[in-house]
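6 protein chains.
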Amino acid sequence: MPRTIRVINPNSSVTVTQGIDAALAPLRLDGGPAITCHTLHDAPPGIQSEADIIKVLPQLAAFIHAHESDSSAFVIGCFSDPGLAMAREASAHPVLGIGESGMMSALIQGQRAGVIAIQPASIPRHLRSWGAMGVTSRIAGERALGLDVEALADEQRTWDRLLTVGRQLRDEDQADVLILGCAGMPHYQHSLSQALDMPVVEPCRAATGMALTAACLAMQD
Amino acid sequence: MPRTIRVINPNSSVTVTQGIDAALAPLRLDGGPAITCHTLHDAPPGIQSEADIIKVLPQLAAFIHAHESDSSAFVIGCFSDPGLAMAREASAHPVLGIGESGMMSALIQGQRAGVIAIQPASIPRHLRSWGAMGVTSRIAGERALGLDVEALADEQRTWDRLLTVGRQLRDEDQADVLILGCAGMPHYQHSLSQALDMPVVEPCRAATGMALTAACLAMQD
Amino acid sequence: MPRTIRVINPNSSVTVTQGIDAALAPLRLDGGPAITCHTLHDAPPGIQSEADIIKVLPQLAAFIHAHESDSSAFVIGCFSDPGLAMAREASAHPVLGIGESGMMSALIQGQRAGVIAIQPASIPRHLRSWGAMGVTSRIAGERALGLDVEALADEQRTWDRLLTVGRQLRDEDQADVLILGCAGMPHYQHSLSQALDMPVVEPCRAATGMALTAACLAMQD
Amino acid sequence: MPRTIRVINPNSSVTVTQGIDAALAPLRLDGGPAITCHTLHDAPPGIQSEADIIKVLPQLAAFIHAHESDSSAFVIGCFSDPGLAMAREASAHPVLGIGESGMMSALIQGQRAGVIAIQPASIPRHLRSWGAMGVTSRIAGERALGLDVEALADEQRTWDRLLTVGRQLRDEDQADVLILGCAGMPHYQHSLSQALDMPVVEPCRAATGMALTAACLAMQD
Amino acid sequence: MPRTIRVINPNSSVTVTQGIDAALAPLRLDGGPAITCHTLHDAPPGIQSEADIIKVLPQLAAFIHAHESDSSAFVIGCFSDPGLAMAREASAHPVLGIGESGMMSALIQGQRAGVIAIQPASIPRHLRSWGAMGVTSRIAGERALGLDVEALADEQRTWDRLLTVGRQLRDEDQADVLILGCAGMPHYQHSLSQALDMPVVEPCRAATGMALTAACLAMQD
Amino acid sequence: MPRTIRVINPNSSVTVTQGIDAALAPLRLDGGPAITCHTLHDAPPGIQSEADIIKVLPQLAAFIHAHESDSSAFVIGCFSDPGLAMAREASAHPVLGIGESGMMSALIQGQRAGVIAIQPASIPRHLRSWGAMGVTSRIAGERALGLDVEALADEQRTWDRLLTVGRQLRDEDQADVLILGCAGMPHYQHSLSQALDMPVVEPCRAATGMALTAACLAMQD
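Residue numbers (numbering that gives the first Met the number 0), protein chains in the order written: chain Z, 0 to 220; chain D, 0 to 220; chain Y, 0 to 220; chain C, 0 to 220; chain X, 0 to 220; chain W, 0 to 220.
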C-alpha cells in the first residue's frame with residue numbers, strides 16, 4: 000500500500016497551504032500515494048528573509064523526523080529550498096525542493112527560464128541557488144513583483160504585476176518559460192500561461208510530480 | 000478520462016521495448032494515464048550512429064502525427080534524444096527525451112553526475128547535449144562500456160562492465176549519482192545502485208515520470 | 000590536382016544558392032580548390048522549422064555519399080548546421096557548418112557576438128548550438144528580423160530591419176561583432192559593417208574559408 | 000578608536016578556537032582593530048553534517064545580535080560558511096565567511112585551486128558553494144582527508160594525509176594553489192606550503208585579513 | 000620590522016598617485032607595513048590603450064626589480080592589471096592587481112558586480128580579464144563613463160556620469176555591488192555608495208588591503 | 000594585386016621561422032596572397048616566460064608599424080598570443096594569434112581539446128587565455144612535454160614525449176582533438192595524428208589559413 004507524500008509549507012499561513020493542497024489535486028491518483036499538505040504552525044507567516052529561513056529549519060527537521068516512518072517522500076514548499084540538504088541527509092526518502100524542482104522542470108519546457116520573485120531581496124539568494132545548480136547560463140532573468148504580504152492579498156493588483164513582470168521577462172529578457180518563484184500562486188499559473196502564451200511552471204506541482212515518480216519507483220524496488 | 004502516455008522505442012528491438020515496458024509498471028496507477036510502449040519496426044535495430052538517428056526521424060515524426068489525437072504525452076526512448084525538438088514542434092502535448100529527463104532527474108539526486116554510455120562514439124554527441132542543456136559543470140564524467148550489441152546480450156559481461164565503469168565514475172571522477180546512458184538497461188538499475196551504494200537513474204523511468212506529471216497536470220487545466 | 004569544395008544549400012531556393020556562389024568568388028584562387036555551390040532541389044524552399052530540418056537530412060546524406068570521391072571538403076550552408084555530425088561521420092573529408100564556423104570566426108573578430116536570426120523561433124535552436132559549442136558566455140545576444148520569406152524579398156525592408164536589429168545588438172546588448180544568422184544575406188555584409196562600423200561575419204564565407212584551409216592542408220599530407 | 004573584529008568558531012571546540020586565535024597574531028597591529036576569537040559553547044563539537052549546521056545557526060544569530068554594537072566586522076570560522084547570508088542580513092558590519100574568503104584569496108594566488116576537505120560528505124556542499132560563487136571553472140579538484148575527529152588529533156597521521164592529498168591535487172588534478180578546507184589546521188599551513196612548494200591558503204587568516212581591510216576602510220568613511 | 004607595500008601608479012599622473020596615496024591612509028597602521036605610492040614618471044599620462052600598456056611594462060619591470068629587496072608586496076595601480084603575470088614571475092613577494100583584487104573584493108560584497116569603466120574601448124579588455132578569472136557569470140554588466148582625461152578633470156561632470164552609469168548598472172543590469180574601474184576615482188567611492196545605497200569597491204583600497212594581509216602573514220612565516 | 004600575409008615568429012630562432020615557413024607551403028596559392036615568415040632578430044631565442052613576452056612586445060609593435068602599408072594580414076607566431084590585442088589596435092588589417100586560432104580550429108575538429116604545452120609554467124597562462132576566450136568547458140586538459148630548448152632539439156626524445164603526452168590527453172583526459180601548443184613543431188603534426196588516430200591542430204597553419212580567408216575577403220570589399 001503506497002505511503003504518503005508530505006508537502007511541507009514551511010510558513011504558518013494556512014491559506015498558502017490550502018492553495019498548494021488544491022493545486023495538487025490532479026496528482027492524487029487512485030492507486031498512487033496519498034499527498035498531504037502540512038503547515039508549520041510555529042513558523043513565520045511568510046519566508047522573506049534569511050532570518051525567516053533560520054527560524055524554520057528546526058521545525059522542518061522535527062517534522063521530517065516525526066514523519067520519516069509514515070512517508071514515502073517529502074516536498075519542501077518554499078522557493079528558497081530551506082533545509083533541503085539537511086532534509087536529504089536526515090531522511091531515507093526522496094526530498095524535493097520546489098525551487099530546484101521548479102527550475103529543472105522549466106529547463107525541460109523552454110530554453111531560457113524567467114523567474115518571478117516576490118521581493119527583490121530574494122533574487123541574490125535565488126541566483127546563488129541557480130549557481131549551485133550549475134544552470135546560470137539557462138536563466139533569462141529574474142524579476143520581482145515587489146509586493147508585500149498585504150499587497151499579495153489583493154488579487155487584481157498581484158495579477159497586474161504578474162502580467163507586467165512576465166511580459167518583461169518574455170519580451171526584454173527573452174524568456175520562453177516562466178517560473179512562479181513562490182509557493183503561494185498556483186491559482187495564477189493557468190491564466191498567466193494563457194495570457195502570455197508560454198509555459199508557466201508552478202513549482203509545488205513540479206516538485207510533487209517528481210516526488211510522485213520517486214515514490215512510485217521506490218515502492219517497486 | 001485520462002489518455003495515454005506513449006513511450007517510443009525508436010529502434011526495432013522488441014526486446015528493448017519489452018524491457019522498458021516492464022520497467023514502467025510502477026508508474027501505471029489506477030486513475031492515471033495509460034502508459035504504452037511502442038517499437039518503430041522499420042528503424043535500425045539499435046541507434047549507435049548519427050546515420051541511425053537520421054533514419055529514425057521520419058518514422059518518429061510519423062508516429063507522433065498518427066498518435067497526436069489519442070495521446071497525452073510522448074517519451075522518446077533513446078538516450079541521444081533524437082528528434083526531440085522536432086517532436087515538440089509537432090505536438091501540442093508534452094514530449095520528453097530520456098537523455099534530457101535522465102540528466103535533470105540525476106541533478107536532483109546528486110551533485111556530480113556520472114554517465115555510462117554504451118559506445119565511446121556516443122560520448123561527444125552526449126557532451127554536446129549537456130552543453131546545450133547548460134549543465135556541463137555538473138558532469139563528473141562520462142565513460143563507455145565499449146560493448147557491441149552482441150556483447151550486451153551477455154548479461155554477466157555487461158554487469159561486470161557496469162560495475163567497473165560505475166566504480167571509475169564514482170571513485171576516479173567523483174560522481175555521486177549515475178545515469179544509465181541507454182534505454183536498454185532498466186533491469187540493472189536496482190542492482191547497480193545497491194552494489195555501488197549510490198543513486199542510479201534509469202532514464203526511461205525518469206522521463207515517463209515527468210510525462211506522468213505533465214499529463215496529470217494538463218488534464219486539469 | 001586540387002579537388003572541389005562543395006557548398007550545399009540545403010534548401011531548394013536557387014536564388015539563395017546563386018547568392019552564396021557570388022559571395023564566394025574571392026575565395027576561388029588559381030591553384031586553389033574549385034568551389035561549387037549546390038541546391039538540394041527536393042528540399043523545402045527554406046529551412047525555418049525542425050520539420051524542415053528533418054526533411055533535408057536524407058538528401059544531404061545522399062549528396063555527401065554521391066560526392067565523397069570527387070570532393071575535398073563540404074560546407075553545409077544552413078545556419079542551423081543540419082546534419083553536421085552525420086556528415087562528419089559519413090565523410091572522410093572536412094565538413095564545415097556555417098553556424099559553427101560563423102561563430103568561431105566571429106569570436107576571433109570581437110569579444111561579444113551578436114547574432115541576427117531571421118525568425119524568433121530559430122533562436123532557441125541556435126542557443127542550444129552555442130551551448131553545445133561551449134561559447135554561451137561570449138554571446139551578447141541574439142535577435143530576430145522577424146521577416147518571412149516574402150518580406151525578405153523586399154530588400155529595403157530587410158535592410159531597415161538589419162540596421163535596427165544590428166543597432167540593438169550593438170548598443171543595447173553590447174555586441175562588438177555581428178553574425179548574419181542565415182545563408183541568404185551575403186550581399187548585405189559589407190554595407191551593414193560600414194553602416195554600423197563593426198565587423199559583420201557572413202557565415203558561408205567564414206565556413207568556406209575554413210574549408211579552403213582544410214582542403215589545402217589535406218592535399219599536402 | 001578601532002572596534003573589534005570578532006572571529007566566531009561556530010563549534011564548541013576550544014582547541015580549535017585557540018588554534019585560530021594563535022594563527023591570527025600577525026594580523027593584530029598597533030593602531031588596527033582588535034581581533035578576538037569566540038567559541039559557541041553550546042554548538043556541536045565539530046560541524047560535519049547538515050544537521051550540525053542547523054544547530055549552529057540560532058547561536059550564531061544570537062552572537063551577532065549581541066555583539067553588533069561593539070564589533071567592526073565578523074568572521075564565521077567554518078569552511079561551509081554557515082549562516083553567512085543570514086549574518087550579512089542581520090549586521091551592518093562586514094561579515095566574512097572563511098570558505099568564500101579562502102576561495103577568493105586562493106584565486107589570486109594561483110590559477111587552479113585544490114581544496115582539501117576533512118570528510119568526503121562535505122564535498123558536495125562545498126561544490127554547491129563554488130557554484131553559487133560562480134567559480135567552478137577555477138577548481139582543479141577537491142579531495143578529502145577522510146579523517147574523523149579522533150584521527151585529526153593524531154598530528155602525524157593528519158600530516159601524512161595532508162601531504163598525500165595535497166600531492167594528488169597538485170600532480171593529478173593540476174592545482175597550483177591549495178586551500179585548507181577547515182578552520183582547524185592553521186599550524187600546518189606553512190609546512191605544507193614548504194613541502195609541496197606551492198601556496199597554501201589558510202581560510203581563517205584569509206577571511207580575517209579581508210575583515211581587517213574592511214574594518215579599517217569603514218572607520219574612515 | 001615591517002617592510003614596505005609599494006603601490007605603483009603605472010602612469011605619469013602625479014595627481015592620480017596623490018589621490019591613491021590619500022585613499023590608502025586608513026590602511027596605514029602603527030605596527031603595520033609602510034604603504035608608499037609611486038609614479039612611473041616616464042609612462043604615458045594615462046593608460047587607455049593597448050599601446051599604453053606596452054609602454055608601461057618595461058618600466059614596471061624595472062621598478063619591481065629595483066625594489067624587490069626593500070618591499071614586502073607590490074600593488075599595480077591600473078585596472079587593466081598590466082604586467083601582473085610578469086610581476087608575479089619576477090618577484091618573490093605578493094603582487095596584487097587592482098582589477099583582479101577589486102573584482103574578488105566585489106564578489107564578497109554582492110552577488111552581481113557592475114563595473115564602471117572610463118572608456119568603452121576598455122570593456123573588451125576587461126571582459127577578457129573576467130573570463131580569465133572565471134567569474135563572467137557574476138558580472139551584471141560593464142558600462143563606460145565615456146569621458147576623456149580632460150572631461151574627467153571636471154568633477155561635476157564626472158559625478159553626474161558616475162550617478163547615471165551607476166544607476167543603469169543597478170536598475171537595468173541588476174548589479175548589487177559596483178566597482179570603480181579606474182585608479183583615479185577613490186574620492187567618489189563614499190559619495191557614490193551613499194547616493195546609490197549599495198556597496199562601491201575602490202580597487203586600489205581593495206588591492207592594498209589584500210597586500211596588507213599578505214605582507215603581515217608573510218612576516219610571520 | 001594581393002598583398003602579403005606576414006607571419007611573425009616573435010623569437011630570434013631562425014630554425015623555428017624556417018619550420019613555420021615550410022609548413023605554410025600548402026597555403027601559398029597562385030592568385031592568393033604571398034605568405035612570408037619573419038624572425039624578430041633582437042627577441043629572445045624562445046618565449047618561455049612572462050619576461051620574454053615583455054621583451055618581445057616593442058619589437059612586435061615596430062614590425063607591425065613598419066609593415067602596415069605592405070601587408071594584408073599579420074599572424075603572431077607564438078602560442079601565448081603576445082601582443083595580440085595591441086596589434087589589433089595598431090593595425091587596420093586582420094591580426095591572428097596562433098593560440099586563439101589554433102583553439103578555434105580545434106573546436107571545429109573535435110568536442111574536447113587537449114593541449115600539448117612545452118613547459119608546465121606556460122599552462123596557467125594558457126588557461127587564462129582559454130578563460131578569456133570563454134571556451135574552458137571545451138578543454139579536456141593541457142599537459143606539458145617538460146622539455147627545455149636543448150631537449151627539444153633531440154627529435155627522438157621530443158617525439159617520444161609527444162606520443163606519451165598525446166596518449167594521456169586522449170586516454171586519460173578524453174581529448175578527441177589535440178593542439179600543438181608551440182610554433183616550433185609543425186613537422187610532427189602529420190605523424191602524431193597518424194600515430195594517435197585523431198586530428199592534431201598545428202596552430203601556425205590554422206592561423207595562417209584564417210589570415211588567408213580574411214585577406215581574400217578583404218580584397219573584395
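C-beta: ideal position from N, C-alpha, C; glycine also.
{"Item": "Cβ contact (3+ pairs, closer than 8 Å) linking the segment 205 to 212 of chain W and the segment 64 to 76 of chain W", "Value": "yes"}
{"Item": "Completely contained beta strand (DSSP E) runs for the segment 75 to 105 of chain C, where each covers 3 or more residues", "Value": "94 to 96"}
{"Item": "Any chain W beta carbon closer than 7 Å to Y:G31", "Value": "yes"}
{"Item": "C:W158 versus C:L177, C:S121, C:H186, residue with shortest Cα-Cα distance", "Value": "C:H186"}
{"Item": "Cβ separation of Y:P44 and Y:S12, assumed to be a contact under 8 Å, to the nearest whole Å", "Value": "6 Å"}
{"Item": "Pairwise C-alpha distance: W:H92 and W:R5", "Value": "11 Å"}
{"Item": "8 Å contact criterion, which W:I63 and W:A86 should meet: CB distance rounded", "Value": "5 Å"}
{"Item": "Whole-angstrom distance between D:L23 and Z:C215, CA atom to CA atom", "Value": "10 Å"}
{"Item": "Touching by the beta-carbon criterion (3+ pairs, under 8 Å), the segment 167 to 177 of chain Y and the segment 191 to 200 of chain Y", "Value": "yes"}
{"Item": "Buried/exposed call for Z:D80, threshold 16 Cβ in 10 Å", "Value": "buried"}
{"Item": "Neighbour-count burial assignment, D:G140, 16 or more Cβ in a 10 Å radius", "Value": "buried"}
{"Item": "CB-CB length for C:P9 against C:A42, believed under 8 Å", "Value": "6 Å"}
{"Item": "Through-space distance from Y:G145 to D:S121, alpha-carbon basis", "Value": "36 Å"}
{"Item": "Rounded separation between Y:M95 and Y:H40 - CA only", "Value": "At residue 95 of chain Y the sequence reads Leu, which differs from the Met that was named. If you take the alpha carbons of Y:L95 and Y:H40, they lie about 21 Å apart."}
{"Item": "Residue of Y:Q47, Y:A60, Y:S104, Y:E99 minimising C-alpha distance to W:L211", "Value": "Y:S104"}
{"Item": "Within 8 Å of chain Z by C-beta, residues of the segment 51 to 72 of chain C in sequence order", "Value": "I52, I53, L56, P57, A60"}
{"Item": "Chain X contact residues for Z:G130, given Cβ-Cβ distances below 8 Å", "Value": "S136"}
{"Item": "Chain Z within 7 Å of C:E88, Cβ atoms only", "Value": "yes"}
{"Item": "Integer-rounded CB distance, given that D:G133 should sit under 8 Å from Z:R137", "Value": "4 Å"}
{"Item": "Limits of the beta strand (DSSP E) - the one that C:G113 falls within", "Value": "112 to 116"}
{"Item": "Inter-residue spacing [alpha-carbon to alpha-carbon] between W:M0 and W:G31", "Value": "The pLDDT assigned to W:M0 is 46, lower than 50, so where the model puts this residue is not dependable; a value taken from the coordinates is nonetheless given after this. W:M0 and W:G31: Cα-Cα distance of roughly 9 Å."}
{"Item": "Residues sharing a beta bridge with Z:H221, DSSP", "Value": "The shown model of chain Z, from 0 to 220, leaves out residue 221 of chain Z, and the question about it has no answer."}
{"Item": "Backbone secondary structure at X:I178 - three-state DSSP", "Value": "strand"}
{"Item": "Interface partners of Z:R160 on chain X, CB under 7 Å", "Value": "Under the 7 Å cutoff, chain X gives no residues; its nearest Cβ is about 17 Å from Z:R160."}
{"Item": "Neighbour flag for D:P237 against chain W, beta carbons, 7 Å", "Value": "Because chain D in this structure spans residues 0 to 220, residue 237 of chain D falls outside the shown range and cannot be described."}
{"Item": "Backbone secondary structure at Y:A72 - three-state DSSP", "Value": "strand"}
{"Item": "Proximity below 7 Å, CB of Y:C181 to CB of Y:I97", "Value": "no"}
{"Item": "Contact list for Z:R127 against chain X, beta-carbon separation under 9 Å", "Value": "Q110"}
{"Item": "Among D:V148, D:T163, D:R160, D:Q155, nearest to D:V15 - alpha-carbon criterion", "Value": "D:V148"}
{"Item": "Chain X contact for C:T212 (CB, 7 Å cutoff)", "Value": "yes"}
{"Item": "For W:S90, the nearest candidate out of W:H37, W:A61, W:L106 (CA to CA)", "Value": "W:A61"}
{"Item": "Short CB-CB distance (under 7 Å) between X:M85 and chain W", "Value": "yes"}
{"Item": "is_contact[D:G133, chain A] using C-beta, thresh 7 Å", "Value": "Although the question refers to chain A, the structure presented lacks it and instead comprises the protein chains Z, D, Y, C, X and W."}
{"Item": "X:A143 - containing beta strand (DSSP E), residue span", "Value": "138 to 143"}
{"Item": "Alpha-carbon spacing of C:H37 relative to X:G109, whole angstroms", "Value": "26 Å"}
{"Item": "Own chain partners of C:T163 with C-beta closer than 6 Å, once the 5 adjacent residues on each side are dropped", "Value": "none"}
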